[in-house]
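Working notes, beginning with the structure itself.
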Amino acid sequence: MKKIFSIMFMTLAFATTLSAQQLERLFDKYMEDERFNYVYQKKASSMDRLKDMENFDVLALDKSTISLGRQMLTLNSADKSLDESFTREVENALKADKYEQVSIVRNGKNRVETYEKISDKAVAKVSFIKNPGNIMVTLNLYAPKK
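Right, here's the structure in full:
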């Protein structure tokens, strides 16, 4: 009985680790696909990080984190089925990785959704922009300074 519980626990831990990386796998999957524009920035500049701040209180806290990089995927396509398929993949990855939706902005058919995931090791911020014929996903990772 103990062996069965041990195996079940190890399987659950392994599955949890795999699902926690769905969004990064999505970037890996499409980074070489010519239908997508891919950008990787090792270290975001301080000006780039200002847009993540919501108030001046965060300015003091922001000095306690360092950027681990930024990735961006953009799909400019007239193929509606590809748009829908990619949108579902991103939504499923965000759900599997347990990102929390923190804002939604909609203007006509244009939509911007912002997600966050905070852990002891890092803060991950995702912007998911859905416009007709243009879908963009950005992933910004931050870690606490030691």
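In our numbering, the protein residues as written are 1471 to 1616.
Just so you know, even glycine gets a beta-carbon here, dropped at the ideal spot from N, CA and C.
As the structure is a computational prediction, the values presented were derived from the model and not from experiment.
Does the distance from the C-beta atom of residue i to that of residue j stay below 7 Å?
{"i": "residue 1534", "j": "residue 1615", "result": "yes"}
{"i": "residue 1610", "j": "residue 1540", "result": "yes"}
{"i": "residue 1492", "j": "residue 1563", "result": "yes"}
Kindly list the residues whose CB is nearer than 6 Å to the CB of residue i, restricted to its own chain and excluding five residues on each side of it in sequence; keep chain order.
{"i": "residue 1542", "result": "1509, 1608"}
{"i": "residue 1604", "result": "1546"}
{"i": "residue 1570", "result": "1586"}
{"i": "residue 1601", "result": "1580"}
Please state the DSSP three-state secondary structure of residue i.
{"i": "residue 1475", "result": "Because the pLDDT of residue 1475 is 44, which lies under 50, any placement of that residue in the model is unreliable, and the number read from its coordinates should be weighed accordingly. Looking at residue 1475 - three-state DSSP - the assignment turns out to be helix."}
{"i": "residue 1550", "result": "helix"}
{"i": "residue 1617", "result": "Because the chain in this structure spans residues 1471 to 1616, residue 1617 falls outside the shown range and cannot be described."}
{"i": "residue 1592", "result": "coil"}
{"i": "residue 1569", "result": "coil"}
{"i": "residue 1531", "result": "Low per-residue confidence applies at residue 1531: pLDDT is 48, beneath 50, and the placement is therefore not dependable, though the value from the model is reported in the following sentence. Helix at residue 1531."}
{"i": "residue 1495", "result": "helix"}
By alpha-carbon positions, which one of the options ends up nearest to residue i?
{"i": "residue 1580", "options": "1606, 1563, 1558", "result": "1606"}
{"i": "residue 1503", "options": "1544, 1575, 1512", "result": "1544"}
{"i": "residue 1567", "options": "1588, 1511, 1507", "result": "1588"}
{"i": "residue 1592", "options": "1578, 1612, 1554", "result": "1612"}
{"i": "residue 1565", "options": "1511, 1596, 1505", "result": "1596"}
{"i": "residue 1620", "options": "1511, 1561, 1506", "result": "Here the chain has residues from 1471 to 1616 only, and residue 1620 is not among them."}
Hey, residue i and residue j are a contact pair by Cβ (cut 8 Å); roughly how many whole angstroms apart?
{"i": "residue 1599", "j": "residue 1582", "result": "5 Å"}
{"i": "residue 1560", "j": "residue 1496", "result": "7 Å"}
Beta-carbon within less than 7 Å of residue i's beta-carbon, same chain only, minus the 5 sequence neighbours each way: which residues are those?
{"i": "residue 1528", "result": "Low confidence applies here, because residue 1528 scores a pLDDT of 48, under 50, leaving its location unreliable; read the following figure in that light. Closer than 7 Å at the Cβ level, and outside the excluded window around residue 1528, lies no residue."}
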